[in-house]
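What follows is a single structure, written as structure tokens, with notes after it.
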Amino acid sequence: MTDHDGCLYVVATPIGNLSDFSERARTILGQVTQILAEDTRHSYRLLSHYAITTPLQSLHEHNEQQRIEQLLARLTAGESLALISDAGTPLISDPGYRLVRAAQAAGVRVVAIPGPSALTAALSVAGQPTDRFVFEGYLPAKQAARRARLAELVAEPRTLVFYETPHRLSAMLADAVTQFGGSREATLVKELTKQHECSIATTLAGLQDWLAADARRGQGEFVLVVAGNPQPPAADDPRPLLRSLLAHVPVKTAAAIVAEVSAHSKNEIYKLALEMMEERS
1 MTDHDGCLYV VATPIGNLSD FSERARTILG QVTQILAEDT RHSYRLLSHY AITTPLQSLH
61 EHNEQQRIEQ LLARLTAGES LALISDAGTP LISDPGYRLV RAAQAAGVRV VAIPGPSALT
121 AALSVAGQPT DRFVFEGYLP AKQAARRARL AELVAEPRTL VFYETPHRLS AMLADAVTQF
181 GGSREATLVK ELTKQHECSI ATTLAGLQDW LAADARRGQG EFVLVVAGNP QPPAADDPRP
241 LLRSLLAHVP VKTAAAIVAE VSAHSKNEIY KLALEMMEER S
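Residue numbers (full-length UniProt numbering): 1 to 281.
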């Protein structure tokens, strides 16, 4: 039971192919009082195509927190609103969770209108186990932070899924090869549901070669699916992960990360890290 007649609908929209827009989603967007969109200019083109005239209001990472109180007042007064993102399913590497959480806390009904998702679409064609997987979204833009995050995932046995932008894809693949090894199986899915959609299933090194062979291949939107580690290091041996981290981050940072994911204390790992640094020098 909910305390109010208003409802917040979380509505999935097409990634690219407009035919993926469900009849239910179109109906809901035509019935609500207002649509909350990440980029109103982008969403206006989609709504215009289907002659949906519901007013738009922007809701993105820079204004979400400031608009929650106003939106909650409307929802609790009985209005129904719809939340959409630029493409795919909202809240998957997109803003909106703060509003959803606040609506739930206020007793407002929150309803998912499912549909396209780049995450699940890429997993479905990657040829990797999907019973368990880890979604990492976008990795940090700065190389040191990106390598540190990848180093934390070296021993992860579950399938890994990343989003990546065209201008960082080459650097991200290079860092992945450094951390995971070039022979790790991986699938790069490009431009899902669009005219130039393709998926390349090979290894991380193979993806580097494919990308380097033609500069035009680096254009578009990408999802990278990487196989989990088939033989993760023993849980009680922190050295492999620590060694990898020490090549890119300070000793204290490396020790803190390893201590967090292992059964060893931070002091123990820090002491081991100093010994490894001395051995290296």
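C-beta: ideal position from N, C-alpha, C; glycine also. All figures in this text were calculated on a predicted structure; none of them were measured in a lab.
*Determine, using beta-carbon pairs with one atom in the stretch 102-114 and one in the stretch 19-31, whether at least three such pairs fall under 8 angstroms.*
yes
*Does the Cβ of residue 155 have 16 or more other Cβ atoms within 10 Å, making it buried, or fewer, making it exposed?*
buried
*Since residue 273 and residue 256 are thought to touch, with beta carbons under 8 angstroms apart, how far apart are those beta carbons, to the nearest angstrom?*
With 8 angstroms as the limit, residue 273 and residue 256 do not qualify as a contact, their Cβ atoms being about 10 angstroms apart.
*Is the beta carbon of residue 241 less than 9 angstroms from the beta carbon of residue 173?*
With a cutoff of 9 angstroms on beta-carbon distance, residue 241 and residue 173 are scored as not near each other.
*Determine the DSSP secondary structure at residue 50, reduced to helix, strand or coil.*
In this structure, residue 50 counts as coil in the three-state DSSP scheme.
_Sub-9 angstroms separation of residue 54 and residue 29 beta-carbons_ = yes
_Stretch-stretch touch, CB-based, cutoff 8 angstroms, three pairs: the stretch 134-151 with the stretch 177-191_ = yes
*residue 142 (DSSP reduced to helix, strand or coil)*: coil
*Cβ pair residue 121, residue 189 closer than 9 angstroms*: yes
*Put residue 221 into one of helix, strand or coil per three-state DSSP.*
Looking at residue 221 - three-state DSSP - the assignment turns out to be coil, as it is neither helix nor strand.
*asked:* My output table needs one value for residue 135: the three-state DSSP class, helix, strand or coil.
replied: strand
*Give a yes or no on whether the C-beta atoms belonging to residue 86 and residue 43 are separated by under 9 angstroms.*
yes
*So, helix, strand or coil for residue 283, using DSSP?*
Nothing about residue 283 can be read from this structure; the chain reaches only from 1 to 281.
*Reduced DSSP secondary structure (H/G/I, E/B, other) of residue 188*: strand
*residue 9 bridges to which residues according to DSSP?*
When DSSP reads this structure, residue 9 sits in a beta bridge with 82 and 111.
*What's the gap between the Cα of residue 157 and the Cα of residue 58?*
Their backbone Cα atoms lie some 40 angstroms apart in a straight line.
*asked:* Please tell me whether residue 183 has its Cβ less than 9 angstroms away from any Cβ of chain C.
replied: Looking for chain C here will not work: only one protein chain is present.
*To which residues of the same chain is residue 61 closer than 8 angstroms at the C-beta, ignoring the five residues directly before and after it?*
95
_Can you look up residue 87 in the DSSP assignment and give me helix, strand or coil?_
coil
_So for residue 226, helix, strand or coil by DSSP?_
strand
*Where residue 276 and residue 164 are concerned, what is the direct C-alpha to C-alpha distance, given to the nearest angstrom?*
33 angstroms
_residue 78 burial status per 10 Å Cβ neighbour count (16 or more: buried)_ = exposed
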